[in-house]
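Novice: Protein chains in written order, with our numbering: chain A, 200 to 319; chain B, 392 to 588.
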Amino acid sequence: MAIEKVLVVDDSATDLQNLVGICSSAGYAVITATSGTEALDKVKSDTPDAVLLDVIMPGMNGFQACRAITSDPVTQHIPVVLVSSKGEKTDRVWGQEQGAKGYISKPFTAEQILDQLKIL
Amino acid sequence: MDPKQPMTTGVGPSCAYASPTGLADPVSALDRTFVLPDAETEREGSGEHDQQILRRMGFRVGELGLLFPWDAGREVVVPPRVGRIPNTAPWFAGLANVRGGLVPVVDTAAAFSVVRQAGVPGYLLIFDDGADTLGLLIDGLPRVIDVQASQRLASLPLLPTLLEGGVVLAAYDHADRVWLDLNLDALSEALGQGIPL
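#1: How about B/Arg490 and A/Ile277: are their beta carbons less than 8 Å apart?
#2: Using a Cβ cut-off of 9 Å, pull out every chain B residue sitting near A/Gln315, in sequence order please.
#3: At a cut of 8 Å, does the region 255-273 of chain A reach the region 293-302 of chain A through at least three beta carbon pairs?
#4: In the region 200-259 of chain A, which residue ranges form an unbroken alpha helix (DSSP H) of at least 4 residues, counting only runs that do not cross its ends?
#5: Between B/Ser504 and B/Pro548, is the Cβ-Cβ spacing less than 8 Å?
#6: Taking CB distances under 8 Å as the criterion, tell me whether B/Tyr514 reaches chain A.
#7: Buried or exposed for A/Asp314, please, with buried defined as at least 16 other CB atoms from any protein chain shown within 10 angstroms of its CB.
#8: Taking just the CA atoms, how far does A/Gln275 sit from B/Ile536?
#9: Please report how far the alpha carbon of B/Pro476 lies from the alpha carbon of B/Gln443, in whole angstroms.
#10: Closer than 8 Å, CB to CB, is A/Ser234 near chain B or not?
#11: Going straight from the alpha carbon of B/Asp564 to that of B/Leu458, what length do you get?
#12: Output needed for B/Gly464: all residues of its chain with C-beta closer than 8 Å, excluding positions within five of it in sequence on either side, in chain order.
In structure tokens:
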């Protein structure tokens, strides 16, 4: 599946801007959200082709948002990649069990993000 | 629950976690213990548990296999440092600081009177429904488990005291192990009532 539109979700303005810059410069259309709840709304309203999702966010965290996306019949086809400063093995396994297609630890490089989007 | 005694399904041969095969042998039949489901269990049994496949997260605590709804857990972390609280139950490990939030931590093996699996790394499984937070020390990482209605046991096995009274909704014989499906609200209430000494 060709990825054209990416939803970037991060409560950190710096990380959000960084991810948007990486994706935009590679030609992806980018939409953004700053919370898990907003991400769920935009996944339905904007129907992105992929989601880059931060894990540690106030309120609904990235794991919970990922689970909501991947369990909803309307959105479950949209691949979710978790992007987090939580780099433990536990987080990767837990993320996988919540339905994530990939897991990238912060700090990340542009290549890591773009390579991941290419293989979705 | 005696940790040295393996939990049995209550049906079939007397060996631990045996699959139901029909009639019990006379010796094990005399030892059978039935725990009748209460009204809450009956209500649950008439709903989701009648579905053919139930998606659950499963984790181990010693010999116990426990299930909870797939969409219920918040996260799993390497057990952080825990501060003990005086005048609390021995199985209440205390409070942990997980990224600035306090998480009550229950030594689940001690609470359920089972022996932790040797050589298996422990983790802290955190539940958070927005109002209450609960952390359970578990053996290994949780995994997605799809149990089938046909794997449901006719009766619950002998349960640790803290799992009685509607905390376990159903038991399933899955992958040669008995898995107890937890009612997390009831578990949280039971643990909460038992914490103060």
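C-beta: ideal position from N, C-alpha, C; glycine also.
Specialist: By the coordinates alone:
#1: Here residue 490 of chain B is taken as the residue at index 99 of the second sequence, counted from 1. Here residue 277 of chain A is taken as the residue at index 78 of the first sequence, counted from 1. No.
#2: Position 116 of the first sequence, counting from 1, holds the residue named residue 315 of chain A. Going along chain B, no residue has its Cβ under 9 Å from A/Gln315, so there is no contact; the nearest lies around 21 Å.
#3: yes
#4: 212-224 and 235-245
#5: Walking along the second sequence from the start, residue 504 of chain B turns up at place 113. Walking along the second sequence from the start, residue 548 of chain B turns up at place 157. In this structure, B/Pro548 does not lie closer than 8 Å to B/Ser504 by Cβ.
#6: In the second sequence, the residue the question calls residue 514 of chain B occupies position 123. Closer than 8 Å: yes.
#7: As a first step, residue 314 of chain A is located in the first sequence; it is residue number 115 there, counting from the start. Answer is exposed; the Cβ neighbour count stays below 16.
#8: On the second sequence, residue 536 of chain B is found 145 positions in, with the first residue counted as 1. On the first sequence, residue 275 of chain A is found 76 positions in, with the first residue counted as 1. Distance between the alpha carbons of B/Ile536 and A/Gln275 is about 19 Å.
#9: Taking the first residue of the second sequence as 1, we reach residue 476 of chain B at position 85. Taking the first residue of the second sequence as 1, we reach residue 443 of chain B at position 52. According to the sequence shown, residue 476 of chain B is Ile rather than Pro. Their Cα atoms are separated by approximately 44 Å.
#10: By one-based count along the first sequence, residue 234 of chain A stands at place 35. For A/Ser234, the answer is no, since every Cβ of chain B falls outside 8 Å of its Cβ.
#11: Locating residue 564 of chain B in the second sequence gives position 173, where the first residue counts as 1. Locating residue 458 of chain B in the second sequence gives position 67, where the first residue counts as 1. Their backbone Cα atoms lie some 12 Å apart in a straight line.
#12: Residue numbering aside, residue 464 of chain B sits at position 73 when the second sequence is read from its first letter. Excluding residues within five positions, the ones whose Cβ falls inside 8 Å are Met448, Leu516, Ile517, Phe518 and Pro533.
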